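Peer 1:
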Amino acid sequence: YLFGRDRLVADIPVDHPSCSKQHAVFQYRLVDYKRNDGTTGRIVKPYIIDLNSTNGTYINNSRIEPQRYYELKEKDVLKFGFSS
9 YLFGRDRLVA DIPVDHPSCS KQHAVFQYRL VDYKRNDGTT GRIVKPYIID
59 LNSTNGTYIN NSRIEPQRYY ELKEKDVLKF GFSS
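Per the numbering used here, the sequence shown starts with residue 9, numbered consecutively.
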């Protein structure tokens, strides 16, 4: 899902002026994991990537590097630019 101010392309529009037109992407991925018994399985996990936005994307008030995927955990708080 694309977050941003450009309502023509954004899946989730963000109207705050510090948000870029195409700010960040939220994505689900199917990833492998190892169970306690040693077998492997697959699970769907959420990720966020900043699209080199002007004012950045934050997870729990820590700015993330642009163009790099970050796995999101339960209760993480996202912030785009200086929005609240």
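Each residue gets a CB set at the ideal place from its N, CA and C atoms; glycine is no exception. Since the structure is predicted, the reported quantities are computational estimates derived from the model, not experimental observations.
If you drop the 5 nearest sequence neighbours on each side, which residues of the same chain put their C-beta closer than 8 Å to that of Arg50?
Peer 2: Stepping through the sequence shown from its first residue, residue 50 is reached at position 42. Leu38, Val39, Asp40, Tyr41.
Peer 1: So for Ser91, helix, strand or coil by DSSP?
Peer 2: As a first step, residue 91 is located in the sequence shown; it is residue number 83 there, counting from the start. Residue state, collapsed to three classes: coil.
Peer 1: Quick one: grab the DSSP three-state call for Thr48.
Peer 2: Along the sequence shown, read from residue 1 onward, the residue named residue 48 stands at position 40. Correct three-state label for Thr48: strand.
Peer 1: Within the same chain, show all residues whose beta-carbon is closer than 7 Å to that of Cys27, passing over the 5 residues directly before and after it, in chain order.
Peer 2: Here residue 27 is taken as the residue at index 19 of the sequence shown, counted from 1. Closer than 7 Å at Cβ, skipping near neighbours: Gly12, Arg13, Phe88, Gly89, Ser91.
Peer 1: I'd like the span of the beta strand (DSSP E) that includes Tyr66, first residue to last.
Peer 2: Residue mapping note: residue 66 aligns to position 58 of the sequence shown, counting from 1. Segment 65 to 67, the beta strand (DSSP E) holding Tyr66.
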